[in-house]
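Chemist: Here it is, the structure, as structure tokens.
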Amino acid sequence: MIRVVLPGHLRALARVGSEVQLQIEGPVTQRSVLDALEAQYPMLRGTIRDHVTQERRPFLRFFACSEDYSLEPPDTPFPEAIASGAEPLLIIGAIAGG
Amino acid sequence: MSGVRLLVGTRKGAFVLTSDGKRQKWDVSGPHFAGWEIYHLKGSPVNPNRVYASQTSGWFGQIIQRSDDGGKTWIQPGTPPGEKSAEQQGPPKGESNKFVYDTSAETGKPLTTHQFYDGKQHPWEFKRVWHIEPSLTDPDTVYAGVEDAALFRSTDGGKNWKELAGLRGHGTGPRWQPGAGGMCLHTIILDPKDPKRIYIAISAAGAFRTDDGGKTWRPINKGLYSQYIPEPTAEVGHCVHHVAMNPSRPNVLFMQKHWDVMRSDNAGDSWKEVSGDLPTDFGFVIDVHAHDPETIYVVPIKSDGEHFPPDGKLRVYRSKTGGNEWEALTKGLPQKDCYVNVLRDAMSVDSLDKCGVYFGTTGGQVYGSADAGDSWTPIVEHLPAVLSVEVQTLS
Numbered sequence: 003m004i005r006v007v008l009p010g011h012l013r014a015l016a017r018v019g020s021e022v023q024l025q026i027e028g029p030v031t032q033r034s035v036l037d038a039l040e041a042q043y044p045m046l047r048g049t050i051r052d053h054v055t056q057e058r059r060p061f062l063r064f065f066a067c068s069e070d071y072s073l074e075p076p077d078t079p080f081p082e083a084i085a086s087g088a089e090p091l092l093i094i095g096a097i098a099g100g
Numbered sequence: 002m003s004g005v006r007l008l009v010g011t012r013k014g015a016f017v018l019t020s021d022g023k024r025q026k027w028d029v030s031g032p033h034f035a036g037w038e039i040y041h042l043k044g045s046p047v048n049p050n051r052v053y054a055s056q057t058s059g060w061f062g063q064i065i066q067r068s069d070d071g072g073k074t075w076i077q078p079g080t081p082p083g084e085k086s087a088e089q090q091g092p093p094k095g096e097s098n099k100f101v102y103d104t105s106a107e108t109g110k111p112l113t114t115h116q117f118y119d120g121k122q123h124p125w126e127f128k129r130v131w132h133i134e135p136s137l138t139d140p141d142t143v144y145a146g147v148e149d150a151a152l153f154r155s156t157d158g159g160k161n162w163k164e165l166a167g168l169r170g171h172g173t174g175p176r177w178q179p180g181a182g183g184m185c186l187h188t189i190i191l192d193p194k195d196p197k198r199i200y201i202a203i204s205a206a207g208a209f210r211t212d213d214g215g216k217t218w219r220p221i222n223k224g225l226y227s228q229y230i231p232e233p234t235a236e237v238g239h240c241v242h243h244v245a246m247n248p249s250r251p252n253v254l255f256m257q258k259h260w261d262v263m264r265s266d267n268a269g270d271s272w273k274e275v276s277g278d279l280p281t282d283f284g285f286v287i288d289v290h291a292h293d294p295e296t297i298y299v300v301p302i303k304s305d306g307e308h309f310p311p312d313g314k315l316r317v318y319r320s321k322t323g324g325n326e327w328e329a330l331t332k333g334l335p336q337k338d339c340y341v342n343v344l345r346d347a348m349s350v351d352s353l354d355k356c357g358v359y360f361g362t363t364g365g366q367v368y369g370s371a372d373a374g375d376s377w378t379p380i381v382e383h384l385p386a387v388l389s390v391e392v393q394t395l396s
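So the protein lines, in turn, are chains A and B.
Here my numbering runs 2 ahead of the position in the first sequence, where the first position is 1.
Here my numbering runs 1 ahead of the position in the second sequence, where the first position is 1.
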């Protein structure tokens, strides 16, 4: 199972705890993780990536194994530790605003 | 037993304030959607327990929320909490925040750019919903005014949205441009006597009207004079801040423009200035008394560069003559050291007798008057900056 840690506001929106688990068949990539996340929690559609363009929202970042994968192409595989569930994928909101 | 419910949108959540018909003691619930910007909430005139809310964030984008119990509990329309789309049949879920501009040839002229701050053409980009206007006759039909400016409609309780593309496509769209707050469609007024007539206003484009239920639109800005634009009497380009109407007289409109308070007696076909003896005619809000259509309210703001009341005195001005002659209403309002603003959607009136008037400030106060503005009391004083105030009169 893939583990994903969501920002607090998205946890409230999906009414989930600090971590969600997703079942993914095939390569574990930014695209496949978000597809599975949105399928399981449809209220999150449009909040992490744009509804139409499917591009990451500018103030959100994806961290895997202490590395920033935000600017990687969406089909880039995450590290094995993410795919195996040993480490969670972190979706993080930028520290900005008031 | 009559009562009122105030729906307050703020920079950091929504609040629901309720009182009985005396409007002296108030219960406060919230924050709902804590930490999110709530640009607007509004209840259905047909079913007051049906309330729609625009929840938005610079991080996470747009969310539409709906309550069917007067604001106690909320759902994203079509996506009940815990319901997983992968396990369900039927239409896709998670579409209630999907606002996609219509550029199809069937519904209007494809339109993709408007004027930008630098005078060049810029792509239309959805940012947020500024204003929600439920139908006067159907609780499942609701309109949304969005930034970048466009009008959307849902006929399934907010589950899905479709643009009324004739507005952007009628011809003047490429000349619209953003005001300082963005290019927002912030005012939607449904004509209670003519279901096919809708008024909307955009900053900074002006006011527009449809007489065929949203298929075709035309600018209604004749008589507006805006010295800050290249052609002060242009067909479009005016920074209209808000428009108000008394439902008993839908052909009479009142407008707070960037500068100038205006009046139209012919459904917007022409306007005349009624700023009269106001201390300043800059401001954002304007509203009309529920029972006397010649009594109107504004909150004068010092200038476009100084968004606070003149002399640090928070004063609502009331005209009982439909404009030109104004009186300052100060009883109960701070008359020194007050430097808040009152934003365009942050005033509302109830329909009790006497008419209640309410407004919220960027300092987090919500003031109410149960005597048509003669005296005011703070209902709450320390909310986040107030973006919108709507009132529901409950029976």
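Note that the Cβ used here is the ideal one computed from N, Cα and C, for glycine as well.
Assuming contact is defined by CB atoms lying nearer than 8 Å, are G71 of chain B and N98 of chain B in contact in what I supplied?
Modeler: Here residue 71 of chain B corresponds to residue number 70 of the second sequence, with the count starting at 1. Here residue 98 of chain B corresponds to residue number 97 of the second sequence, with the count starting at 1. No, they are not a contact pair.
Chemist: If you pair each beta-carbon of the segment 141 to 158 of chain B with each one of the segment 356 to 376 of chain B, do three or more pairs fall below 8 Å?
Modeler: With a cut-off of 8 Å, the segment 356 to 376 of chain B and the segment 141 to 158 of chain B do not count as touching, because too few Cβ pairs lie within range.
Chemist: At a Cβ threshold of 8 Å, is A85 of chain A touching chain B?
Modeler: Numbered from 1 along the first sequence, position 83 holds the residue referred to as residue 85 of chain A. A85 of chain A does not count as touching chain B.
Chemist: Whose CA, out of A:C67, A:V35, A:D70, lies closest to the CA of Q1 of chain A?
Modeler: In the structure as shown, chain A begins at 3 and stops at 100. Residue 1 of chain A is therefore absent and cannot be evaluated.
Chemist: Determine, for I64 of chain B, whether the minimum Cβ-Cβ distance to residues of chain A falls below 8 Å.
Modeler: Numbered from 1 along the second sequence, position 63 holds the residue referred to as residue 64 of chain B. True, the Cβ-Cβ gap to chain A drops below 8 Å.
Chemist: Check this for me: beta carbons of R154 of chain B and Y40 of chain B, under 8 Å apart or not?
Modeler: In the second sequence, residue 154 of chain B corresponds to position 153, counting from 1. In the second sequence, residue 40 of chain B corresponds to position 39, counting from 1. No, they are not a contact pair.
Chemist: At 8 Å on the CB atoms, spell out the chain B contacts of R59 of chain A, in chain order.
Modeler: As a working note, residue 59 of chain A is residue 57 in the first sequence. What R59 of chain A touches in chain B: W60, F61, G62.
Chemist: On the CB-based measure, 16 or more other CB atoms within 10 Å of its CB, does N222 of chain B come out buried or exposed?
Modeler: The residue you call residue 222 of chain B lines up with position 221 of the second sequence. Buried: at least 16 other Cβ atoms inside 10 Å.
Chemist: Is it buried or exposed for F117 of chain B, if we count other Cβ within 10 angstroms and need 16 for buried?
Modeler: The residue labelled residue 117 of chain B in the question sits at position 116 within the second sequence. Under this definition F117 of chain B is an exposed residue.
Chemist: Assuming H243 of chain B and R345 of chain B form a contact by the criterion Cβ under 8 Å, report the distance between their Cβ atoms to the nearest whole angstrom.
Modeler: Position 242 of the second sequence, counted from the start, is the residue given in the question as residue 243 of chain B. Position 344 of the second sequence, counted from the start, is the residue given in the question as residue 345 of chain B. Contact holds; Cβ gap of about 4 Å.
Chemist: Assuming T57 of chain B and W75 of chain B make a contact with CB atoms under 8 Å, what is their CB distance in whole Å?
Modeler: Along the second sequence, one-based indexing puts residue 57 of chain B at 56. Along the second sequence, one-based indexing puts residue 75 of chain B at 74. In fact, because the Cβ distance is near 15 Å, the residues do not count as touching under 8 Å.
Chemist: Can you list the residues of chain B that M3 of chain A reaches, using a CB-CB cut of under 9 Å?
Modeler: To locate residue 3 of chain A, count along the first sequence from 1; it is residue 1. Neighbours of M3 of chain A on chain B: none; closest Cβ ~15 Å, over 9 Å.
Chemist: Taking 6 Å as the limit between beta carbons, can you name the residues of its chain near I230 of chain B, skipping five residues before and five after?
Modeler: As a working mapping, residue 230 of chain B is identified with position 229 in the second sequence. So the qualifying residues of the chain are G238.
Chemist: Would you mind stating whether Y318 of chain B and L330 of chain B have Cβ atoms separated by less than 8 Å?
Modeler: Indexing the second sequence from 1 puts residue 318 of chain B at position 317. Indexing the second sequence from 1 puts residue 330 of chain B at position 329. Contact: yes.
Chemist: Counting only Cβ-Cβ distances shorter than 8 Å, please list the residues of the segment 36 to 67 of chain A near chain B, keeping chain order.
Modeler: Cβ contacts with chain B: E40, A41, Q42, Y43, P44, M45, L46, R47, G48, T49, I50, D52, H53, V54, R59, F61, L62.
Chemist: Taking 8 Å as the threshold (C-beta atoms), are H115 of chain B and Q122 of chain B in contact?
Modeler: The residue labelled residue 122 of chain B in the question sits at position 121 within the second sequence. The residue labelled residue 115 of chain B in the question sits at position 114 within the second sequence. A contact, by the Cβ cut-off of 8 Å.
Chemist: Could you give the uninterrupted runs of the alpha helix (DSSP H) lying entirely in the segment 172 to 236 of chain B, keeping only those of 4 residues or more?
Modeler: Within the segment 172 to 236 of chain B, no complete alpha helix (DSSP H) run reaches 4 residues.
Chemist: Check for me: the beta strand (DSSP E) holding S134 of chain B runs from which residue to which?
Modeler: What you label residue 134 of chain B is simply residue 133 of the second sequence in a count that begins at 1. Before going on, a small fix: residue 134 of chain B reads as Glu here, not Ser. Per DSSP, E134 of chain B belongs to the beta strand (DSSP E) from 129 to 135.
Chemist: Would a check of beta-carbon distances place A87 of chain B closer than 8 Å to chain A?
Modeler: Counting from one through the second sequence, the residue named residue 87 of chain B turns up at place 86. Confidence is the limiting factor: at A87 of chain B the pLDDT is only 48, short of 50, which leaves the residue's position unreliable and the question unanswerable from this model.
Chemist: Interface residues of chain A around N98 of chain B at Cβ under 8 Å?
Modeler: As a position in the second sequence, residue 98 of chain B is number 97, starting the count at 1. Under the 8 Å cutoff, chain A gives R47, G48, T49, H53.
Chemist: Whose C-beta lies closer than 6 Å to the C-beta of R316 of chain B among residues of the same chain, with five residues either side of it excluded?
Modeler: Stepping through the second sequence from its first residue, residue 316 of chain B is reached at position 315. For R316 of chain B, where only same-chain residues beyond five positions count, the Cβ hits under 6 Å are A329, T331.
Chemist: Could you tell me whether the segment 15 to 26 of chain B touches the segment 72 to 84 of chain A, where touching means 3 or more Cβ pairs closer than 8 Å?
Modeler: Contact fails: fewer than three Cβ-Cβ distances are below 8 Å.
Chemist: Let me know the secondary structure DSSP gives P311 of chain B once reduced to three states.
Modeler: Taking the second sequence and counting its residues from 1, the one referred to as residue 311 of chain B is at position 310. Reduced to three states, the DSSP call for P311 of chain B is helix.
Chemist: Rounding to the nearest angstrom, what Cα-Cα distance links T11 of chain B and P29 of chain A in this structure?
Modeler: The residue labelled residue 11 of chain B in the question sits at position 10 within the second sequence. The residue labelled residue 29 of chain A in the question sits at position 27 within the first sequence. Near 43 Å, if we compare the C-alpha coordinates of P29 of chain A and T11 of chain B.
Chemist: Assign V387 of chain B to one of three DSSP states: helix, strand, or coil.
Modeler: As a first step, residue 387 of chain B is located in the second sequence; it is residue number 386 there, counting from the start. Residue state, collapsed to three classes: strand.
Chemist: Ordered along the chain, which non-local residues of its own chain (more than five positions away) have a Cβ less than 7 Å from that of G277 of chain B?
Modeler: Looking up residue 277 of chain B in the second sequence gives position 276. Contacts found: G324, N325, E326, W327.
Chemist: What is the residue span of the alpha helix (DSSP H) that D37 of chain A lies within?
Modeler: Working through the first sequence from its first residue, we reach residue 37 of chain A at position 35. Residues 32 to 42.
Chemist: In whole angstroms, what is the alpha-carbon distance linking D69 of chain B and N48 of chain B?
Modeler: For the purposes of this step, residue 69 of chain B is taken as residue 68 along the second sequence, with counting starting at 1. For the purposes of this step, residue 48 of chain B is taken as residue 47 along the second sequence, with counting starting at 1. Roughly 9 Å between the two C-alpha positions.
Chemist: Between L15 of chain A and chain B, is there a C-beta pair that is closer than 8 Å?
Modeler: Locating residue 15 of chain A in the first sequence gives position 13, counting from the first residue. Yes, L15 of chain A lies at the interface with chain B (some Cβ there is under 8 Å from its Cβ).
Chemist: Run through DSSP, which three-state label would G95 of chain B get?
Modeler: Within the second sequence, the letter at position 94 stands for residue 95 of chain B. If DSSP states are grouped into helix, strand and coil, G95 of chain B belongs with coil.
Chemist: I'd like the list of long-range same chain contacts for M246 of chain B, defined as Cβ closer than 6 Å, with 5 residues on each side in sequence excluded.
Modeler: For the purposes of this step, residue 246 of chain B is taken as residue 245 along the second sequence, with counting starting at 1. These residues qualify, in order along the chain: I190, L254.
Chemist: Keeping to the same chain, check which residues put their C-beta closer than 6 Å to that of H290 of chain B; ignore five residues upstream and five downstream.
Modeler: Taking the first residue of the second sequence as position 1, residue 290 of chain B is located at position 289. Contacts found: T296, C356.
Chemist: Using Cβ-Cβ distances below 9 Å, what residues of the segment 277 to 296 of chain B are close to chain A?
Modeler: From the segment 277 to 296 of chain B, no residue has a Cβ closer than 9 Å to chain A.
Chemist: Mind checking M3 of chain A: buried by the 16 CB within 10 Å criterion, or exposed?
Modeler: Along the first sequence, read from residue 1 onward, the residue named residue 3 of chain A stands at position 1. Exposed.
Chemist: Given that a residue counts as buried once 16 or more other Cβ atoms are within 10 Å of its Cβ, and exposed if not, what is A87 of chain B?
Modeler: Position 86 of the second sequence holds residue 87 of chain B. Interpretation of A87 of chain B is limited by its pLDDT of 48, a score under 50 that renders its predicted location unreliable; the figure taken from the coordinates is listed afterwards. Its Cβ having fewer than 16 others within 10 Å, A87 of chain B is exposed.
Chemist: Could you compute how far the alpha carbon of G333 of chain B sits from the alpha carbon of L62 of chain A?
Modeler: Residue numbering aside, residue 333 of chain B sits at position 332 when the second sequence is read from its first letter. Residue numbering aside, residue 62 of chain A sits at position 60 when the first sequence is read from its first letter. Each residue's Cα considered, the two are about 45 Å apart.
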